[in-house]
Amino acid sequence: MADWTIWRAVPGDAAALTTCINAAYAQYTGRISDLPPVSEDCAAEIAANLVWVVACPRAERGPEIIGGLVLVDGKHALHLANIAVDPDHRGDGIARALLDLAERQARDRGHTGLQLTTHAEMPENLSLYIHLGWRETGRQGNKVFMTKAV
């Protein structure tokens with residue numbers, strides 16, 4: 010059983026979620042010149058969108074946020090705006106669990122699909138999405154558009 014839990018983010022999670030997202034994207038910040046801001050105003054994201062965090066227990070300081078998911082409920086599909094996993098916890102099944110949650114949320118909201126935009130210079134992300142059934146629908150510069158039926 011996983012030693013982490015997922016819950017709907019609350020305003021008090023914003024700072025820790027920002028730290029987690031920054032850690033998750035750190036490998037790209039120096040390498041990708043046109044990477045958009047990835048952790049800008051997590052508090053506003055939590056207030057306006059569907060945001061979840063993944064946390065694992067810490068002995069004395071309470072749970073540590075090690076992952077996050079931001080979904081934007083659109084007219085025709087649920088848009089996966091951001092997904093992040095702390096580098097120390099990659100390979101623990103967190104990304105898959107968050108993507109499964111995104112699929113459930115899409116179905117629960119009456120959508121037949123999910124959409125996302127990722128970066129062409131993140132081949133490991135592209136490979137993961139394709140492995141999990143996502144389909145590339147187009148490119149514009151370094152943006153890669155993908156969908157998944159749910």
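Heads up, my numbering is the position in the sequence shown plus 9, with the first residue counted as 1.
All residues carry an ideal CB built from backbone N, CA and C; glycine is no exception.
Residue i burial status per 10 Å Cβ neighbour count (16 or more: buried)
i: residue 84; result: exposed
i: residue 109; result: exposed
i: residue 19; result: exposed
i: residue 95; result: buried
i: residue 120; result: buried
i: residue 76; result: buried
i: residue 54; result: buried
Which of helix, strand or coil DSSP assigns to residue i
i: residue 210; result: This structure cannot settle anything about residue 210, because the visible part of the chain is limited to 10 through 159.
i: residue 38; result: helix
i: residue 44; result: coil
i: residue 128; result: strand
i: residue 57; result: helix
i: residue 121; result: coil
i: residue 23; result: helix
i: residue 17; result: strand
i: residue 135; result: helix
i: residue 3; result: The first residue shown for the chain is 10 and the last is 159, placing residue 3 beyond what the model contains.
Beta-carbon proximity check, residue i vs residue j, cutoff 7 angstroms
i: residue 31; j: residue 42; result: no
i: residue 93; j: residue 81; result: no
i: residue 135; j: residue 115; result: no
i: residue 156; j: residue 144; result: yes
i: residue 15; j: residue 63; result: yes
i: residue 159; j: residue 112; result: yes
Other residues of its chain near residue i: CB distance less than 8 angstroms, five sequence neighbours each side excluded
i: residue 58; result: 79, 80, 81, 82, 90
Near the ligand NAP: residue i beta-carbon under 6 angstroms from a heavy atom
i: residue 76; result: The model depicted lacks the ligand NAP and carries no ligand whatsoever.
Subject >> Uninterrupted beta strand (DSSP E) stretches inside the region 80-108 (no shorter than 3 residues) >> reply: 87-94
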